[in-house]
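> Read the sequence shown against my numbering and you will find it ends at 407, with the numbers running on by one and no gaps.
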Amino acid sequence: MDNNDSQNNRSGNQYTNNSCTQSRSAERNNKENRLGKKPNPNRKKLIIAISAVVVVLLAIFGVYKWMQAKKAADSIFSSADIQKARDVSDTLKQGKPISILLLGTDTGALGRNFRGRTDTIIVATLNPKKEKMTLTSIPRDTAISIPGYTDYAPSKINAAYDLGGAGTTIKAVQQLLNIPIDFYGLINMGGLEKIVDGVGGIDVTPKLTFKYGNADVKKGEKIHLEGAAALDYSRMRHDDPLGDYGRQTRQRQVLMAVLRKSDSATALLNQKFMDSLQKQTQTDLTFDDLLALSTKYRVATHHLKSTHLQGVGTVIGGGDYEVAQPDEMERVTKFIRDSLDLEPAKTGTSGLDGGSSNSSQGSSSSDATGNAATAQQSPAPSQQQDNTQQQTTTNKTNTFR
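1) If you run the structure through DSSP and keep just helix, strand and coil, what is Lys-217?
2) So Val-202 packs on Ile-208, CB below 8 Å; how close in whole Å?
3) Kindly indicate which residue of Ala-330, Asp-347, Thr-355, Asp-93 has the alpha-carbon position closest to the one of Ser-143.
4) Near Thr-339, what residues of its chain come up, given a Cβ to Cβ distance below 6 Å and the 5 sequence neighbours on each side ignored?
5) Whole angstroms are fine: how far does the CA of Gly-173 sit from the CA of Gly-154?
6) What does the alpha-carbon distance come out to for the pair Asp-295 and Tyr-190?
7) How long is the line joining the alpha carbons of Thr-375 and Ile-150, rounded to whole angstroms?
8) Could you give the C-beta distance for Ile-82 and Gln-288, rounded to a whole number, given that I count them as a contact under 8 Å?
9) Asp-209 bridges to which residues according to DSSP?
10) Output the boundary residues of the beta strand (DSSP E) element that contains Lys-138.
11) Does DSSP put Asn-133 in a helix, a strand or coil?
12) I'd like to check one pair, Ile-176 with Ala-298: are the Cβ atoms closer than 8 Å?
13) Hey, Pro-186 and Ala-91 are a contact pair by Cβ (cut 8 Å); roughly how many whole angstroms apart?
14) Can you give the Cα-Cα distance for Met-195 and Ala-263, rounded to whole angstroms?
15) Touch check for the region 134-141 and the region 97-109: three-plus C-beta pairs under 8 Å?
16) Three-state secondary structure (DSSP) at Tyr-303?
17) Provide the residue span of the alpha helix (DSSP H) that contains Ser-345, from first to last.
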């Protein structure tokens with residue numbers, strides 16, 4: 007090969023190499039241009055517009071849900087029509103412990119009918135600072151002279167609502183135990199089925215094996231209950247060795263299970279849940295109060311303690327009553343006041359002659375038909391204190407500070 011051919015080959019190779027280099031450079035530049043290319047202004051505006059529409063729709067949906075929840079809350083509001091023992095609005099505002107009297111009636115299961123006796127009476131306390139909640143059951147047959155209705159004494163405490171409504175029941179409980187009741191909530195126990203369904207059912211661990219209606223449970227085995235089964239689970243009484251005291255324990259179980267699933271603002275925006283409450287519940291908690299409970303007080307459900315007021319089965323004037331003895335009333339008074347961060351105080355009074363100890367907060371005694379101290383007594387269920395031990399106090403301070 008001569009020099010000219012060799013030179014031509016080198017020139018050709020150089021040209022080829024330069025072409026490949028330029029091609030690769032062009033490809034790289036095109037790729038960089040693609041990666042760094044600014045979005046089309048019209049496309050960017052379209053994305054912003056769509057995002058704005060979505061935000062607006064979500065806001066409208068949220069406001070709608072909020073208004074629906076408020077409407078439902080307003081529909082279940084019913085004032086107790088009494089002067090409360092303390093400033094409940096200030097108590098809520100400051101996030102202090104509060105008490106709610108929970109009442110259950112088993113009448114009007116198919117409609118909104120709240121007349122009748124309250125066979126479920128539970129004092130609930132919520133202490134957000136201690137992240138603690140307590141539930142204290144009061145037997146429906148507890149003997150008492152009902153404030154404002156002393157002519158009917160002796161009466162069973164479950165008659166207080168039938169005689170004078172929620173306000174009278176609040177007064178009766180305050181008189182009996184010398185504790186402040188800040189709010190009340192009444193539920194038609196027949197409607198408990200819909201409320202449990204509204205929160206998607208509940209989980210409980212039975213303390214007794216039994217089959218009653220839709221409830222078929224075994225002791226110690228956790229089970230998921232839908233509404234009908236939960237209602238029957240909380241209703242069964244005659245096959246329970248502890249009778250009504252055993253039923254009270256199961257009612258507290260069901261109640262706590264519902265509260266654990268409905269203690270947030272999300273539940274307030276659940277229309278199915280609010281609809282179930284609207285038809286089956288009444289309370290003097292306003293919508294703002296309920297929101298406060300779902301935010302400031304929801305931590306109180308982290309720890310639960312429960313107990314009940316233990317009575318002695320007693321026949322008075324031919325009727326069967328549960329008579330709470332002074333030391334037992336003192337124990338329960340201390341249990342509730344401690345949970346409310348209140349100073350120790352003397353317990354209340356049944357208001358019956360020969361009955362429990364008196365305090366200045368209780369109403370005057372009346373001439374009862376029969377004397378609880380000398381009446382014929384029948385065996386009472388064995389005393390079960392759940393998560394508490396019996397304690398007494400001697401401090402006679404009697405305020406709701």
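C-beta: ideal position from N, C-alpha, C; glycine also.
Just so you know, these numbers come straight off a predicted model, no measurement behind them.
Checking against the coordinates, here is how it stands:
1) Lys-217 carries a strand assignment under DSSP once its states are collapsed to helix, strand and coil.
2) Cβ-Cβ separation between Val-202 and Ile-208: approximately 6 Å, consistent with a contact (criterion under 8 Å).
3) Ranking Ala-330, Asp-347, Thr-355, Asp-93 by CA distance to the CA of Ser-143 puts Ala-330 first.
4) These residues qualify, in order along the chain: Leu-183, Asn-184, Thr-353.
5) Cα to Cα, Gly-154 sits roughly 11 Å from Gly-173.
6) Taking the straight line from one Cα to the other gives about 12 Å.
7) With a pLDDT of 31 at Thr-375, under the threshold of 50, the modelled position of this residue cannot be trusted; read the value that follows with caution. So the two alpha carbons sit approximately 12 Å from each other.
8) With a Cβ gap of about 5 Å, Ile-82 and Gln-288 count as contacting.
9) Asp-209 is bridged to His-230.
10) DSSP places Lys-138 inside the beta strand (DSSP E), whose first and last residues are 138-143.
11) In the three-state reduction of the DSSP assignment, Asn-133 falls in the strand class.
12) The Cβ atoms of Ala-298 and Ile-176 lie no closer than 8 Å to each other.
13) Contact between Pro-186 and Ala-91 holds, with the beta-carbon distance rounding to 4 Å and staying under 8 Å.
14) If you take the alpha carbons of Met-195 and Ala-263, they lie about 15 Å apart.
15) Touching, yes.
16) Correct three-state label for Tyr-303: coil.
17) Taken as a continuous stretch (DSSP letters only), the alpha helix (DSSP H) holding Ser-345 covers 332-345.
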